[in-house]
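Data first, discussion second: the structure below is written as C-alpha cells.
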Amino acid sequence: MRSRDYDIEFRQQSTRIRNWGAGLLLLSALLWGWCAVLLLTDYTVETRSGHTGECEARLFTERGTANEGLWKGDYCQDERDWPEALLILGLSLPVSLVGTALFTTGQVSRRMSGHAQAMRELDRIADEREKREKRAEA
Numbered sequence: 006m007r008s009r010d011y012d013i014e015f016r017q018q019s020t021r022i023r024n025w026g027a028g029l030l031l032l033s034a035l036l037w038g039w040c041a042v043l044l045l046t047d048y049t050v051e052t053r054s055g056h057t058g059e060c061e062a063r064l065f066t067e068r069g070t071a072n073e074g075l076w077k078g079d080y081c082q083d084e085r086d087w088p089e090a091l092l093i094l095g096l097s098l099p100v101s102l103v104g105t106a107l108f109t110t111g112q113v114s115r116r117m118s119g120h121a122q123a124m125r126e127l128d129r130i131a132d133e134r135e136k137r138e139k140r141a142e143a
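Structure (C-alpha cells):
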C-alpha cells in the first residue's frame, strides 16, 4: 500500500472516529435538554379520582420532597422526582466524556495527517528545487 492510500484511509478512519464523538456529544446534549425539561417545565398529573392538576416546575417549587407527596395528598410531588433528573445527568457524564475523547482524537488525527502531508509536499518541492539547481550548475 502506498503512503498516499494509507493516508487517505487514515483520514477516513479519523473522520469516522470524530463523527462518533460528535454523535455522542449530541446525545449528551439531548440528555441535558431532557433534564432541563424535567426540571424547568410545568406539568400536569392525574389524581386517583381521575382529575388532572397543574404542577409548577420541579426546580422552582418550595414544597416538600417527592417521597412525602402522596402521603400529604400532593400528587405533584410524586410525579417528577429528583432521582430521575439526577440519573439522566449521571448518564450524560460518561457519554460526554467518551464523546469528547473520540471527537478530539479524530480531529487531532486528521490535523496531524494534514500536517504530515504538507511536510511531505514541502520536502518534495525542496528536493525538486535542489535537483534543478544542481542541473543548472552542471
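Residue numbering for the sequence shown follows the working numbering, starting at 6 and increasing by one per position.
We put the beta carbon where it would ideally sit given N, CA and C, even for glycine.
So L43 and R63 are supposed to be a Cβ contact under 8 angstroms. How far apart are they, rounded?
7 angstroms
If the criterion is Cβ atoms closer than 8 angstroms, does the pair L31 and S97 meet it?
no
Answer with buried or exposed for I93, where buried requires no fewer than 16 other C-beta atoms within 10 angstroms of its C-beta.
buried
Run the CB neighbour count on T70, radius 10 Å, all protein chains shown included, and call it buried at 16 or more, exposed below.
The predicted position of T70 is uncertain, since its pLDDT is 48 and thus under 50; a value taken from the coordinates is nonetheless stated next. The residue is exposed, with fewer than 16 neighbouring Cβ atoms inside 10 Å.
Best match in V50, G28, E61 for proximity to S101 [C-alpha to C-alpha]
G28
How many angstroms separate the CA atom of L127 from the CA atom of W25?
33 angstroms
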